[in-house]
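See below for the structure under consideration.
In our numbering, the protein residues as written are 37 to 306.
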């Protein structure tokens, strides 16, 4: 009997192609409009193409200030998330105690809540404690969901790491630090690296929580939003948007390649 897989495959391929176009065609338009000669509005087809907006974006100090703040916030929030997320994952996965599942739920709750809820809660807490808005309030806000990303990656790797390796290390005379350095860390390193990259990407392009915790500070996504509301040079906004796409896409892609096929490996470095 002849299989009909080939005939059934074409509709599925067409549907998949349509879905990909629906998702990514607007992003491609950003790249196109970054090269348009029209300054005030978007036209299709573009009246012409130029690369001058890259030089304009390069020479605008407000772009550099927003970019610098975004990188600082994302880097520090990721570092905090790596420490807290790893410790929480180790406690939940390697020990048994009453309320462990409840604690696990509370750790991942911030990323499940809408960003506006998190933003309002943090703003209320900062106002109540009379904490002035600054870069550090943004970092605290981003840390709430960055910790979850690291935690999810780390706890999955901890659960796939054989406990006999740690027991063997301790039996051979290694102390806790040596066991962590030579046994635990090599086994969870790629999970932490992937979690850190995802956390950096999420923090770099966060808008809602930053709106409530930033005060007068403008990260790069906030700068882009303000430029769209009160446009001066629309193509510059698209040039910066290209940068955001690249900066967030590369760590996500790297995280994917670091963590793929790891479900088949237990007790090894990957």
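Beta carbons: idealized from backbone N, C-alpha and C, even for Gly.
Asked	Found
Residue 178: beta carbon under 6 Å from a heavy atom of the ligand ZN?	This structure lacks the ligand ZN, and indeed carries no ligand of any kind.
Helix or strand or just coil, what does DSSP make of residue 162?	helix
Does the region 105-113 come close enough to the region 231-245 that 3 or more CB-CB pairs lie under 8 Å?	yes
Classify residue 85 as helix, strand or coil using the three-state DSSP reduction.	strand
Tell me, which residues are paired with residue 72 by DSSP?	85
Spatial neighbours of residue 252 within its chain, please: C-beta separation below 6 Å, excluding the five flanking residues on both sides.	none
Give me the residue from 137, 85, 57 and 89 with the minimum Cα distance to residue 279.	89
Between the Cα of residue 177 and the Cα atoms of 120, 191 and 158, which residue gives the shortest distance?	158
Using only CA atoms, which one of 57, 118 and 53 lies nearest to residue 179?	118
In whole angstroms, what separates the C-alpha of residue 143 from that of residue 224?	19 Å
What are the boundary residues of the alpha helix (DSSP H) that includes residue 114?	97-130
Quick one: grab the DSSP three-state call for residue 261.	helix
Nearest-angstrom Cα distance between residue 298 and residue 231?	Summary for residue 298: the model assigns pLDDT 49, below 50, so the residue's position carries little reliability, and this model does not support an answer.
Thinking C-alpha only, which one of 168, 138, 175 and 123 is nearest residue 105?	175
Using only CA atoms, which one of 242, 204 and 229 lies nearest to residue 219?	204
Could you check whether residue 195 and residue 129 sit closer than 7 Å to each other, using their CB atoms as the reference points?	yes
Could you check the C-alpha separation between residue 170 and residue 222 for me, to the nearest Å?	36 Å
Can you list, in chain order, the residues of its chain with a C-beta nearer than 8 Å to that of residue 288? Leave out the 5 residues immediately preceding and following it.	233, 234 and 237
Any idea if residue 263 is buried or exposed, counting beta-carbon neighbours within 10 angstroms, 16 or more meaning buried?	buried
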